[in-house]
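Only one structure is covered here, and it is reproduced in the block below.
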Amino acid sequence: MPCFLTAREVSQRLREAALGVLTVEVCAAPGESALIAVDIEGWRLLLDFADAQLHHCEYARSADGQEGALDTWQRYGTDPVSLLSTWELAQLERLLKACTQA
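To convert, note that position 42 of the sequence shown is 42 in the UniProt record's numbering; the numbers rise steadily by one, no gaps.
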């Protein structure tokens, strides 16, 4: 039986990145679709990052192969980005902006 990542598990990874506990690396900068692929210490995330704002997480895959996606999370009323505090969201947006401009 496949294991699925919850929005809360993915938001915790994003939270740790915002706090500087984990390192964020951009794998693919946003193109016309505004989706950005990032690696947070073995976790692959596909984020909707447009106009220097992080809107939501489209997809996540943990280092052990568990996956989660926006359509699944929204069935339960949320996505990982919406679980972040205002400060955590601002920190992530600052990090992503710096990474995509480098």
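The beta-carbon is built from N, C-alpha and C at its ideal position, and this holds for glycine as well.
- Residue pairing from DSSP places His56 in a beta bridge opposite Asp48.
- The beta carbon of Ala17 is closer than 6 Å to those of Val24 and Ile40 in its chain, skipping five residues each way along the sequence.
- Residue pairing of Glu16 in beta bridges, as defined by DSSP: absent, with no partner found.
- For Val10, the three-state secondary structure derived from DSSP is helix.
- Secondary structure at Leu84: coil, using DSSP grouped into helix, strand and coil.
- Contact between the region 83 to 99 and the region 61 to 69 is not established, with fewer than three Cβ pairs separated by less than 8 Å.
- Here Ala63 carries a coil assignment [DSSP, helix/strand/coil].
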